[in-house]
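Residue numbers (UniProt numbering), protein chains in the order written: chain L, 1 to 204; chain U, 1 to 204.
C-beta: ideal position from N, C-alpha, C; glycine also.
All of these numbers come straight from a predicted model, not from anything done at the bench.
Quick notes on the structure that follows.
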């Protein structure tokens with residue numbers, strides 16, 4: 001949004017020669033993540049990312065055909081470390097830890113709005129919906145599924161449980177409150193999500 | 001969408017004199033529900049509803065300030081019977097029955113698309129978001145909560161369980177798969193939602 005940088009948005013890649021693709025992508029992800037986590041999707045433009053990353057718009061468009069794809073790929077990488085699935089051997093503690101990190105990002109940074117707006121727009125934009133699933137949600141599902149499957153192998157989750165259903169009953173339940181905010185996303189809520197599933201809600 | 005009816009959309013209320021408001025509203029809900037469940041929101045216009053219900057556009061606008069409000073109020077009433085919460089005394093069976101009805105409406109009629117599009121648009125339209133919560137989701141939440149609270153009173157659900165969290169882990173989990181369709185909404189999924197919560201997923 002800075003005026004003085006206008007017209008400078010096609011600045012070529014820094015230095016001479018071609019940088020390795022991984023390095024270029026890392027610079028782009030850093031730039032996209034920075035914008036999304038501080039300003040949200042309103043601040044994200046190809047021009048801005050080109051300026052911040054020193055990667056040409058031509059290259060950006062070659063790898064990310066749309067702003068949605070750029071946002072999702074960048075966002076996935078920006079939150080990957082924060083949303084990593086720890087494995088201390090205690091599945092309940094690890095889930096609680098991860099869900100709290102997820103809730104913190106979604107409720108205390110512009111990321112919450114970024115994600116809910118992208119899910120929102122995905123309902124009427126098939127390309128964005130595909131980008132969302134391919135570049136973000138299916139990967140998050142896979143990572144959650146891996147951690148849950150390890151707990152199942154150790155007998156901490158029953159063998160007959162489909163761990164993908166747990167993804168919907170944990171993270172999906174949080175999404176539900178974020179997308180249709182009839183009830184707040186509190187720490188008690190997060191604790192109850194894990195407790196209900198692991199303890200069962202029926203009288204014992 | 002019928003061409004011949006164009007220009008006839010301001011047809012006054014049938015018969016003479018003023019009909020009772022409840023009767024007028026019922027006619028409107030019937031018209032809105034009919035359109036939404038057969039064609040989805042694309043077919044819904046104030047003109048069309050005025051024609052089908054015999055209620056003037058002036059009256060419609062007085063009671064429902066936007067198409068979103070009209071759609072949500074009409075949809076709520078259209079599905080109210082189908083989505084009623086039975087009470088046979090068996091909470092697991094009743095939940096399964098209700099969830100199956102909900103999933104059937106969402107996956108086999110245009111209603112699924114209506115609801116996901118309204119949730120989608122609600123992410124960037126504050127008025128629609130308010131209408132969605134006021135006219136639809138908070139009422140559905142209240143009805144679900146009442147049935148679950150009765151089960152809790154009977155000791156079928158533990159006294160320390162916040163039944164509103166169960167709403168997110170049952171219907172919210174379904175919404176998650178409808179809004180971000182990485183995984184399908186199958187009958188096995190519905191059965192697992194109830195089973196995971198009532199049996200608990202930890203090894204016993």
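Cβ-based neighbour list, residue i, same chain, cut-off 6 Å, excluding 5 preceding and 5 following
i, result
"residue 177 of chain L", "183 and 185"
"residue 136 of chain L", "72 and 76"
"residue 24 of chain U", "55"
"residue 5 of chain U", "Interpretation of residue 5 of chain U is limited by its pLDDT of 41, a score under 50 that renders its predicted location unreliable; the figure taken from the coordinates is listed afterwards. Hits under 6 Å: 51."
"residue 98 of chain U", "85"
"residue 96 of chain U", "194"
Proximity test, Cβ basis, 9 Å: residue i and chain L
i, result
"residue 103 of chain U", "no"
"residue 75 of chain U", "no"
"residue 100 of chain U", "no"
"residue 85 of chain U", "no"
"residue 199 of chain U", "yes"
"residue 8 of chain U", "At residue 8 of chain U the pLDDT is 42, less than 50, meaning the model places this residue with poor confidence; the figure from the coordinates comes in the next sentence. By this cut-off, residue 8 of chain U is not an interface position."
"residue 89 of chain U", "no"
"residue 141 of chain U", "yes"
"residue 138 of chain U", "yes"
"residue 36 of chain U", "no"
"residue 70 of chain U", "no"
"residue 165 of chain U", "yes"
"residue 260 of chain U", "In the structure displayed, chain U extends from 1 to 204; residue 260 of chain U sits before or after that span and is not available."
Residues of its chain near residue i, where Cβ-Cβ distance is below 8 Å and the 5 sequence neighbours each way are ignored
i, result
"residue 100 of chain U", "187 and 190"
Beta-carbon proximity list for residue i, same chain, < 7 Å, skipping 5 on both sides
i, result
"residue 179 of chain L", "116 and 119"
"residue 196 of chain U", "none"
"residue 64 of chain U", "70 and 73"
"residue 87 of chain U", "94, 147 and 150"
"residue 107 of chain L", "185"
"residue 156 of chain U", "91"
CA-to-CA distance, residue j to residue i, given in whole angstroms
i, j, result
"residue 170 of chain L", "residue 198 of chain U", "15 Å"
"residue 1 of chain U", "residue 166 of chain U", "Residue placement at residue 1 of chain U cannot be trusted, given a pLDDT of 40 that sits under 50; the coordinates are not used to answer."
"residue 154 of chain U", "residue 84 of chain U", "20 Å"
"residue 42 of chain U", "residue 109 of chain L", "35 Å"
"residue 31 of chain L", "residue 70 of chain L", "11 Å"
"residue 36 of chain U", "residue 45 of chain U", "11 Å"
"residue 114 of chain U", "residue 81 of chain L", "36 Å"
"residue 57 of chain U", "residue 62 of chain L", "50 Å"
"residue 158 of chain L", "residue 203 of chain L", "19 Å"
"residue 18 of chain U", "residue 47 of chain U", "20 Å"
"residue 21 of chain L", "residue 145 of chain L", "29 Å"
"residue 174 of chain L", "residue 104 of chain L", "11 Å"
"residue 181 of chain U", "residue 125 of chain L", "14 Å"
Integer-rounded CB distance, given that residue j should sit under 8 Å from residue i
i, j, result
"residue 201 of chain U", "residue 92 of chain U", "Contact flag wrong, Cβ pair sits at about 16 Å."
"residue 33 of chain U", "residue 75 of chain U", "7 Å"
"residue 27 of chain U", "residue 55 of chain U", "6 Å"
"residue 147 of chain L", "residue 164 of chain L", "Their Cβ separation, rounded to whole angstroms, is 12 Å, which puts residue 147 of chain L and residue 164 of chain L out of contact at 8 Å."
"residue 66 of chain L", "residue 131 of chain L", "7 Å"
"residue 172 of chain U", "residue 172 of chain L", "6 Å"
"residue 68 of chain L", "residue 143 of chain L", "Wrong, their Cβ atoms sit about 21 Å apart, outside the cutoff."
Below-9 Å beta-carbon distance, residue i vs any chain U residue
i, result
"residue 183 of chain L", "yes"
"residue 61 of chain L", "no"
"residue 176 of chain L", "yes"
"residue 127 of chain L", "no"
"residue 1 of chain L", "Below a pLDDT of 50, predicted positions are generally treated as unreliable, and residue 1 of chain L, at 39, falls in that range; no measurement from the model is reported."
"residue 79 of chain L", "no"
"residue 120 of chain L", "yes"
"residue 116 of chain L", "yes"
"residue 124 of chain L", "yes"
Cβ-heavy atom distance, residue i to the ligand NAD, below 8 Å
i, result
"residue 201 of chain L", "The ligand NAD is absent from the structure shown, which contains no ligands of any kind."
* Whole alpha helix (DSSP H) elements within the segment 46 to 81 of chain L, 4-residue minimum -> 46 to 53, 57 to 63 and 67 to 79
* Entirely within the segment 117 to 185 of chain L and at least 4 residues each: give me those alpha helix (DSSP H) ranges in chain order. => 126 to 132, 138 to 153 and 163 to 179
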